[in-house]
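Asks:
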Amino acid sequence: MRRLLALLAVGALAGGVVLLLAGVGAGARAGREVEVRLFAGRYEFSPPRVSVQAGDRVTFRIRSRDVTHGFAVEGTGIETTVLPGREARVTVPAGRPGKLRYRCSVICGPLHPFMVGELVVEPNRWPLWGGALMVLVGFLAGAGAARTTPRPDLARWRPVRWLLRRRALQFALIAPNLAFFTVIILAGLVGTATGATNFSTIFVWIAWWGLLVLVLIPLGGRLWCAMCPIPAPGEWLARGAIVRHRARPLGLGLAWPRRLQNLWPAFGALLLLVLFGLVVTTRPLVTSLMLLGFAVVALGTHLVFERRVFCRYLCPVGGLLGVYSMLAPLELRAGDLAVCRECRTKACFRGGDAYPCPTFQFPGGGMTRNTYCLLCTECLKACPYDNVALRVRPFGADLAVARGRRADEAWLALLLVGTALAHSVIKLGPWGFIKSWANLEAAVPFLSYTGLFLGTVLGGLPALSLGVAWLSRTLAGAREVPLRRLFVDYAYALLPLGLGAWMAFTLAVVAPNLSYVPRVLSDPFGWGWDLFGTRATTFAWMPLAALPWVELALLLAGLWGSVRAARTIVGQAFGDGAGARRGLLPLAGFLVAIAWAFAVLYFG
Ligand code: SF4
Ligand code: SF4
Numbered sequence: 007m008r009r010l011l012a013l014l015a016v017g018a019l020a021g022g023v024v025l026l027l028a029g030v031g032a033g034a035r036a037g038r039e040v041e042v043r044l045f046a047g048r049y050e051f052s053p054p055r056v057s058v059q060a061g062d063r064v065t066f067r068i069r070s071r072d073v074t075h076g077f078a079v080e081g082t083g084i085e086t087t088v089l090p091g092r093e094a095r096v097t098v099p100a101g102r103p104g105k106l107r108y109r110c111s112v113i114c115g116p117l118h119p120f121m122v123g124e125l126v127v128e129p130n131r132w133p134l135w136g137g138a139l140m141v142l143v144g145f146l147a148g149a150g151a152a153r154t155t156p157r158p159d160l161a162r163w164r165p166v167r168w169l170l171r172r173r174a175l176q177f178a179l180i181a182p183n184l185a186f187f188t189v190i191i192l193a194g195l196v197g198t199a200t201g202a203t204n205f206s207t208i209f210v211w212i213a214w215w216g217l218l219v220l221v222l223i224p225l226g227g228r229l230w231c232a233m234c235p236i237p238a239p240g241e242w243l244a245r246g247a248i249v250r251h252r253a254r255p256l257g258l259g260l261a262w263p264r265r266l267q268n269l270w271p272a273f274g275a276l277l278l279l280v281l282f283g284l285v286v287t288t289r290p291l292v293t294s295l296m297l298l299g300f301a302v303v304a305l306g307t308h309l310v311f312e313r314r315v316f317c318r319y320l321c322p323v324g325g326l327l328g329v330y331s332m333l334a335p336l337e338l339r340a341g342d343l344a345v346c347r348e349c350r351t352k353a354c355f356r357g358g359d360a361y362p363c364p365t366f367q368f369p370g371g372g373m374t375r376n377t378y379c380l381l382c383t384e385c386l387k388a389c390p391y392d393n394v395a396l397r398v399r400p401f402g403a404d405l406a407v408a409r410g411r412r413a414d415e416a417w418l419a420l421l422l423v424g425t426a427l428a429h430s431v432i433k434l435g436p437w438g439f440i441k442s443w444a445n446l447e448a449a450v451p452f453l454s455y456t457g458l459f460l461g462t463v464l465g466g467l468p469a470l471s472l473g474v475a476w477l478s479r480t481l482a483g484a485r486e487v488p489l490r491r492l493f494v495d496y497a498y499a500l501l502p503l504g505l506g507a508w509m510a511f512t513l514a515v516v517a518p519n520l521s522y523v524p525r526v527l528s529d530p531f532g533w534g535w536d537l538f539g540t541r542a543t544t545f546a547w548m549p550l551a552a553l554p555w556v557e558l559a560l561l562l563a564g565l566w567g568s569v570r571a572a573r574t575i576v577g578q579a580f581g582d583g584a585g586a587r588r589g590l591l592p593l594a595g596f597l598v599a600i601a602w603a604f605a606v607l608y609f610g
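Using our numbering, you'd call the opening residue of the sequence shown number 7 and step up by one each time.
1. Along the chain, where does the beta strand (DSSP E) that runs through Ala2 open and close?
2. Taking its Cβ as the centre, do 16 or more other Cβ atoms sit within 10 Å of Asp536, making it buried, or is it exposed?
3. At the level of alpha carbons, what is the spacing between Thr287 and Ser568?
4. How about Ala571 and Pro502: are their beta carbons less than 8 Å apart?
5. With distances taken between CB atoms, is the gap from Leu386 to Val394 smaller than 8 Å?
6. How would you label Phe538, buried or exposed, when you count the other beta carbons within 10 angstroms and need 16 or more for buried?
7. Return the first residue and the last residue of the beta strand (DSSP E) that Leu396 is part of.
8. If contacts are defined as beta-carbon pairs under 8 Å, then Val127 and Leu106 qualify, I think. What distance do you get, rounded to the angstrom?
9. Since I believe Leu500 is in contact with Val423 (beta carbons under 8 Å), could you give me their beta-carbon distance rounded to a whole number of angstroms?
10. Just to confirm my understanding: we take Leu560, look at its own chain, exclude 5 residues before and 5 after, and list those with CB closer than 6 Å. What are they?
11. Grab me the residues of Leu260's own chain with a C-beta within less than 8 Å of its C-beta, minus the 5 sequence neighbours each way, in chain order.
12. Specify which residues have a beta carbon nearer than 6 Å to any heavy atom of ligand 2, listing them in chain order.
13. Confirm the yes/no value for this check: CB of Ile236, any heavy atom of ligand 3, distance under 7 Å.
14. Would Pro237 and Cys349 qualify as a contact pair, given that the criterion is a beta-carbon distance under 8 Å?
15. Near Gly37, which residues of its chain fall below 6 Å by C-beta distance, leaving aside the five closest residues on each side in sequence?
16. Pull up the DSSP beta-bridge partners for Arg69, would you.
17. What do you get for Leu590, buried or exposed, if any count of 16 or more other CB atoms within 10 angstroms of its CB means buried?
18. Of all the alpha helix (DSSP H) runs that stay within the bounds of the region 308–382, which reach a length of 4 or more residues?
19. Does the Cβ-Cβ distance between Leu195 and Ser294 come in under 8 Å?
20. Cβ of Gly438 within 8 Å of Cβ of Glu50?
21. From the DSSP output, in three-state form, read off Ile84 for me.
22. Taking all protein chains shown into account, decide if Glu486 is buried (16 or more other Cβ within 10 angstroms of its Cβ) or exposed.
23. For the region 362–376 against the region 330–349, do three or more pairs of beta-carbon atoms, one drawn from each stretch, fall closer than 8 Å, so that the two count as touching?
24. In whole angstroms, what separates the C-alpha of Ala161 from that of Ala213?
25. Return the first residue and the last residue of the beta strand (DSSP E) that Pro235 is part of.
26. State the CB to CB distance for the pair Ile248 and Phe177, rounded to an integer number of angstroms; the pair is presumed to be in contact (CB under 8 Å).
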């Protein structure tokens with residue numbers, strides 16, 4: 007079996023390299039002069055996709071169908087303005103094979119950031135050699151053995167420990183975010199309705215979202231939860247204190263209903279958020295009202311129920327952070343469980359000189375995953391034996407923990423992959439009709455979009471996943487293993503690929519639109535201010551030529567993590583024999599196919 011895997015890997019590598027060289031080499035040919043008549047109208051270019059040969063020089067003759075638009079080719083610095091009634095001409099040398107995105111660079115309405123078209127330079131081998139690389143990565147990751155590595159405890163370093171034990175630490179992290187949050191709410195309520203020039207939409211969906219997905223989640227898991235301003239006012243009110251520890255909280259402290267002690271409420275909230283994603287992310291007022299709604303619900307639940315039930319059970323972003331935090335290279339755990347067994351106070355769970363764990367976690371009881379740990383450091387402050395550790399560890403370490411896998415977490419993992427796919431089509435694709443369907447412009451198209459979206463994320467993808475579990479069990483010859491268990495367990499293997507895809511998608515959306523951040527800093531309400539002299543920052547601010555390479559690297563890294571996790575999970579279900587290796591094939595193939603689908607969307 008190993009020899010077969012090695013042969014397949016070498017074959018895939020050779021194929022990938024040949025296709026890559028063929029694709030890159032094709033760029034040297036001399037080509038034709040090609041003229042393309044292009045129409046720009048809210049919010050698509052027509053034709054949405056133009057195919058030429060490598061070496062061609064493409065002259066676009068562009069006319070606007072409605073308002074003033076821009077035409078900018080990502081990564082080339084080529085940009086022009088298209089005025090109504092006037093033809094704009096711009097020439098783009100199609101040097102290398104691949105896909106170039108052109109986009110509107112003059113704000114033209116709510117969906118302006120997603121008005122894109124595609125210039126495909128043939129022979130575009132990116133999806134092919136990308137696919138070959140994915141097969142290779144899939145097989146190599148599946149064949150590799152996991153190694154145990156030491157996990158250094160950051161809290162052992164005195165300055166770090168001193169800092170983590172300060173009661174003011176969390177307040178210091180939350181306070182600036184609360185100030186930003188206030189401006190975001192104000193800008194959404196009283197500022198311009200144009201999303202691209204309003205602090206509310208740009209700061210939340212470009213600056214914060216980019217930072218969250220590209221930095222905080224992959225490196226810190228739920229680190230954002232330690233500084234999130236949304237639950238802070240409720241928590242402070244319920245505790246009757248902002249910084250200091252108060253033994254008798256003021257809130258009613260009722261128990262959260264048992265039937266809702268799971269992630270299904272967060273799943274429902276996230277489903278609504280992603281279904282209305284285009285409306286929420288482009289309308290400042292909607293963004294503002296949504297965040298205000300979160301803050302009000304968080305306030306209410308803090309005053310009525312015990313601890314942070316909003317963060318534990320209700321928050322849609324918390325659900326997303328929870329499942330992806332399992333991949334983070336940082337974990338907070340009890341240091342020595344033998345000390346915990348002797349401990350009488352169990353202060354990390356019950357509280358003591360600090361508050362009890364706000365999400366009902368019990369580090370001393372053998373907490374094994376990051377999912378519900380907000381990194382609030384209360385347990386670190388409460389433990390009388392200094393027995394709580396903040397460790398650095400390998401990426402994705404929690405995926406190897408077999409105990410405690412749950413259906414609600416598994417469905418969240420599937421929902422997130424499906425959503426990354428759907429939103430890549432809507433926001434990065436050149437198809438204007440699907441953008442208008444998702445933009446809630448009319449009831450019937452929106453219902454069609456809803457059917458398609460829900461059918462994919464709640465029907466198609468889970469059905470495929472179930473089929474993979476059944477095939478894997480059949481090939482492994484282990485009919486005694488319950489299919490439901492395999493369905494749940496296998497969904498955890500999707501997490502690294504899901505996060506890689508979200509990172510690639512986020513980068514493709516955020517990077518070209520990053521110039522709006524300095525603009526709204528100077529003019530947060532869109533009222534014509536220029537506070538810091540950055541209101542006129544231009545689109546060409548970001549170098550975008552390397553974007554496809556980074557996206558491919560993120561997808562490959564995600565796939566690598568997923569197949570390695572799959573190998574561990576399949577081993578836990580079927581043991582280490584030949585049956586397990588056969589059982590791995592459908593799951594690894596499924597993961598490669600999903601990664602390939604993303605590659606085709608991004609590069610094809
Ligand atoms: S308070 Fe400290 S020693 Fe006691 S159970 Fe919790 S982590 Fe362990
Ligand atoms: S386990 Fe500790 S750091 Fe994590 S949420 Fe609970 S108290 Fe906070």
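We put the beta carbon where it would ideally sit given N, CA and C, even for glycine.
Replies: Looking at the atomic coordinates:
1. Any property of residue 2 remains undetermined from this structure, which presents the chain solely from 7 to 610.
2. Position 530 of the sequence shown, counted from the start, is the residue given in the question as residue 536. Exposed.
3. To locate residue 287, count along the sequence shown from 1; it is residue 281. To locate residue 568, count along the sequence shown from 1; it is residue 562. C-alpha separation (whole angstroms): 29 Å.
4. Locating residue 571 in the sequence shown gives position 565, where the first residue counts as 1. Locating residue 502 in the sequence shown gives position 496, where the first residue counts as 1. For Ala571 and Pro502, yes; Cβs fall inside 8 Å.
5. Taking the first residue of the sequence shown as 1, we reach residue 386 at position 380. Taking the first residue of the sequence shown as 1, we reach residue 394 at position 388. Contact: yes.
6. As a working mapping, residue 538 is identified with position 532 in the sequence shown. That one is exposed.
7. Residue 396 sits at position 390 when you count from the first residue of the sequence shown. Run containing Leu396: 394–398, per the beta strand (DSSP E) assignment.
8. The residue labelled residue 127 in the question sits at position 121 within the sequence shown. The residue labelled residue 106 in the question sits at position 100 within the sequence shown. The Cβ separation is near 7 Å, so the contact holds.
9. Numbered from 1 along the sequence shown, position 417 holds the residue referred to as residue 423. Numbered from 1 along the sequence shown, position 494 holds the residue referred to as residue 500. Contact holds; Cβ gap of about 5 Å.
10. In the sequence shown, counting from the first residue as 1, residue 560 sits at position 554. Closer than 6 Å at the Cβ level, and outside the excluded window around Leu560, lie Gly506, Met509, Ala510.
11. Counted from its first residue, the sequence shown places residue 260 at position 254. The answer, listed in chain order, is Val310, Phe311, Glu312.
12. Leu338, Cys363, Pro364, Thr365, Gln367, Pro369, Cys379, Leu380, Leu381, Cys382, Thr383, Glu384, Cys385
13. For the structure depicted, ligand 3 is absent and the ligand set comprises only ligand 1 and ligand 2.
14. Against the sequence shown, residue 237 aligns to sequence position 231. Against the sequence shown, residue 349 aligns to sequence position 343. Contact: no.
15. As a position in the sequence shown, residue 37 is number 31, starting the count at 1. So the list reads Gln59, Gly61, Asp62, once near-sequence residues are dropped.
16. Within the sequence shown, residue 69 is the residue found at index 63, counting from 1. For Arg69, which the question treats as bridged, DSSP gives the partners Phe45.
17. Here the question's residue 590 lines up with position 584 in the sequence shown. Leu590 comes out buried.
18. 322–330, 343–348, 353–356
19. The sequence position of residue 195 within the sequence shown is 189, counting from 1. The sequence position of residue 294 within the sequence shown is 288, counting from 1. Yes; because the gap between Cβ atoms is below 8 Å, this pair is in contact.
20. What you label residue 438 is simply residue 432 of the sequence shown in a count that begins at 1. What you label residue 50 is simply residue 44 of the sequence shown in a count that begins at 1. Yes, these two residues count as a Cβ contact at 8 Å.
21. Mapped onto the sequence shown, residue 84 falls at position 78. Note: Ile84 maps to strand in three-state DSSP.
22. Taking the sequence shown and counting its residues from 1, the one referred to as residue 486 is at position 480. Classification of Glu486: exposed, given that the 10 Å Cβ count is below 16.
23. yes
24. On the sequence shown, position 155 is the one that residue 161 refers to. On the sequence shown, position 207 is the one that residue 213 refers to. So the alpha carbons of these two residues sit roughly 30 Å apart.
25. For the purposes of this step, residue 235 is identified with residue 229 of the sequence shown, where counting begins at 1. Here Pro235 belongs to no beta strand (DSSP E), and DSSP marks it neither H nor E.
26. Walking along the sequence shown from the start, residue 248 turns up at place 242. Walking along the sequence shown from the start, residue 177 turns up at place 171. At roughly 6 Å, the Cβ-Cβ gap stays under 8 Å, so Ile248 and Phe177 are in contact.
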